[in-house]
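Worksheet for the structure shown next.
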Amino acid sequence: MLNFTVGPVMSSQNILDIGGMQVPYFRTEEFSRIMLENEQYILRYSKASSGSKVVFMTCSSTGSMESVVMNCFSKNDLVLVINGGSFGHRFIELCEIHQVPFISLDLEPGRKLTREHLYEFEGKGITGLLVNVDETSTGVLYDTNMIGEFCKKNDIFYVCDCVSSFLADSFDMQKCGADVMITGSQKVLACPPGISIIVLSPRAIQKVKDNNVRTMYLNLKNALINQERGQTPFTPAVGILLQINARLKEIEWNGGTDAEIERIAAQAQDFREKIRELPFELVSESPANAVTSIRPLTAKAYDIFLKLKNEYDIWVCPNGGDLKDVIFRVGHIGALTCEDNTILINAFKDMQSKGFL
2 MLNFTVGPVM
12 SSQNILDIGG
22 MQVPYFRTEE
32 FSRIMLENEQ
42 YILRYSKASS
52 GSKVVFMTCS
62 STGSMESVVM
72 NCFSKNDLVL
82 VINGGSFGHR
92 FIELCEIHQV
102 PFISLDLEPG
112 RKLTREHLYE
122 FEGKGITGLL
132 VNVDETSTGV
142 LYDTNMIGEF
152 CKKNDIFYVC
162 DCVSSFLADS
172 FDMQKCGADV
182 MITGSQKVLA
192 CPPGISIIVL
202 SPRAIQKVKD
212 NNVRTMYLNL
222 KNALINQERG
232 QTPFTPAVGI
242 LLQINARLKE
252 IEWNGGTDAE
262 IERIAAQAQD
272 FREKIRELPF
282 ELVSESPANA
292 VTSIRPLTAK
302 AYDIFLKLKN
312 EYDIWVCPNG
322 GDLKDVIFRV
332 GHIGALTCED
342 NTILINAFKD
352 MQSKGFL
């Protein structure tokens, strides 16, 4: 199988080998040291401000999205949600469930966010902003520094879902002024799904401490207390946390965060150059490095996904809902190479020669 989805992604052999090992008991000094080491790597890689903390949640990244909404906001807030696709809409659903007042800033699929969009909401009493930095359903990358300027000017609590963009696109948590960053184990970290990571600035930590949230499993106050000793409140996905530790070191050995971002950017550019001659058009006005969103001109998007999976053993990302037959996506993260891009392009060309495209 050749996997061009955006999570789970292709893992290195080292990460796969760790996944085949016996999972150790975790209430030990040895495991605590690994967890504290993981925290230091994440703080450094996210460029978090001094005094920031990290918690590791055993859940999908949606669990961390929900935890942040629950722990950081209340019925007394008014949250602006950047809604440019299915993941932006997920934040809307979470606000509705937890009765957090919100305003939706709606963008058409593939459209970038502009200053004009944002400043329409200045002076509207906004207290928080939620954004999926890479709206993965359409491959649009939003400008975190531009959003951060708006939030700083208006004293807005700023939450960045960087699940697909962390280590794929440049992100400086302190520079852009983000209060919270969220990411997941199955994206650029290239480990199995099951761990989601939340970075909290000092302001976010205080907000969590001040909020008496009614939850047991998603309680960030409890998670922060336990992480002080390198532990979690409940049994975590121990094996994945060990894989994350190895992967964080792997990134450092391979040149660090800048080198990882450059590698993914080159992978994306190579694919986008190679696909130009095929009957496709690119969707995003502001494309993220992690994924390319594609609109086929001569076939249905979901039929292409099925054809690649069933006949070529190649996986790309289908879309759901109204975009199911309109857009599919090709990921550029994980243990992929430009030679793998050529294999995918040749599969498209073979489909074309057979009259499918």
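Residue 2 is where the sequence shown starts when you use my numbering, and the numbers rise one by one after that.
Ideal placement from N, C-alpha and C gives every residue a C-beta, glycine not left out.
These figures come from a predicted structure and were not determined experimentally.
In this structure residue 160 touches residue 69 by the C-beta definition: roughly 6 Å separates them, less than 8 Å. Per DSSP, the beta-bridge partners of residue 135 are 142.
Under the Cβ criterion (8 Å, minimum of three pairs), the region 136-144 counts as touching the region 105-120. DSSP lists 84 as the beta-bridge partner residues of residue 107.
Going by DSSP, residue 240 is part of the alpha helix (DSSP H) stretching over 239-254. In the three-state DSSP reduction, residue 221 falls in the helix class (H, G or I). Here the region 148-156 makes contact with the region 175-189; the two share three or more CB pairs at distances below 8 Å. For the set 87, 107, 81, 139, the Cα lying nearest the Cα of residue 124 is the one of 81. Under DSSP, the beta-bridge partners assigned to residue 59 are 196. Remark: three or more beta-carbon pairs, one from each stretch, lie closer than 8 Å, so the region 25-37 and the region 237-245 are flagged as touching. When DSSP states are grouped into helix, strand and coil, residue 203 belongs to the helix group. Taking residue 46 as the centre and dropping the five residues before and after it, the same chain places the C-beta of 258 closer than 6 Å to its C-beta, in chain order. Three or more Cβ pairs closer than 8 Å define a contact, and the region 323-339 meets that threshold against the region 260-268. For residue 161, the enclosing beta strand (DSSP E) covers residues 158-162.
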